[in-house]
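Everything on this sheet refers to the single structure shown next.
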Amino acid sequence: MQLFKGVGCPAIFVPGNNETDVELREACAGLKEAHVLHGSGVEMEGIPFFGVGGGIPVTPFGSWSFDFTEEQGAELLRDCPRGAVLVSHSPPKGVVDVTSSGKSIGSSAVREAILRLTPRLVVCGHVHHSAGESARLGNSPVINVGPAGMVVEL
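Residue numbers 176 to 329, in the working numbering, belong to the letters of the sequence shown in order.
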């Protein structure tokens with residue numbers, strides 16, 4: 176988190192599968208411009224942002240992983256406003272979600288939310304092998320920023 180102290184602009188964080196939303200909020204407590212989103216949103220300069228973290232669907236990593244079923248994921252996405260910037264740890268099913276073994280492991284709940292709500296941008300991660308890839312789902316651009324992250328200006 177020290178990396179973000181000198182950035183000087185707002186930053187959106189969602190939990191991954193290594194930390195809970197509570198743990199991430201604690202880690203970001205000293206960052207003035209940090210917004211931790213998990214089933215919640217924030218508006219900045221007139222732009223709505225909505226975030227959901229954790230692995231959706233449940234990963235095979237075991238009990239240490241912060242994961243949710245597709246049904247729980249759909250519930251977490253319920254309040255996402257139409258046209259928001261959606262920040263999701265998990266990518267949508269079938270888009271920027273292919274593992275090194277060629278398997279698509281994205282979330283159906285995230286995919287359905289994107290098709291229903293048409294976010295202006297979708298930023299995701301989780302699937303390291305697809306890091307840096309981008310595509311469109313419906314009318315929404317989707318970027319897998321991967322573990323290195325990415326600065327995106329709107």
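The C-beta atom is built at its ideal place from N, Cα and C for all residues, glycine as well.
Asked, Found
"Residue from 302, 282 and 296 whose Cα sits closest to the Cα of residue 232", "282"
"Spatially closest choice to residue 209 from 187, 199 and 197, by CA coordinates", "187"
"Inter-residue spacing [alpha-carbon to alpha-carbon] between residue 196 and residue 206", "15 Å"
"Alpha-carbon to alpha-carbon, residue 194 and residue 228", "9 Å"
"Delimiting residues of the beta strand (DSSP E) encompassing residue 230", "Taken as a continuous stretch (DSSP letters only), residue 230 belongs to no beta strand (DSSP E), as it is neither H nor E."
"Ranges of the beta strand (DSSP E) found wholly within the stretch 191-233, counting only runs of at least 3", "209-211, 215-219 and 222-227"
"Reduced DSSP category for residue 283 - H, G, I as helix; E, B as strand; rest coil", "helix"
"DSSP three-state assignment for residue 251, whether helix, strand or coil", "helix"
"Residue 332 to residue 192 span [Cα, whole Å]", "Because the chain here runs from 176 to 329, residue 332 falls outside it and cannot be looked at."
"First through last residue of the beta strand (DSSP E) which encompasses residue 260", "260-263"
"Endpoints, the beta strand (DSSP E) within which residue 315 is located", "315-319"
"Residue interval of the beta strand (DSSP E) (run including residue 309)", "309-312"
"Reduced DSSP secondary structure (H/G/I, E/B, other) of residue 296", "strand"
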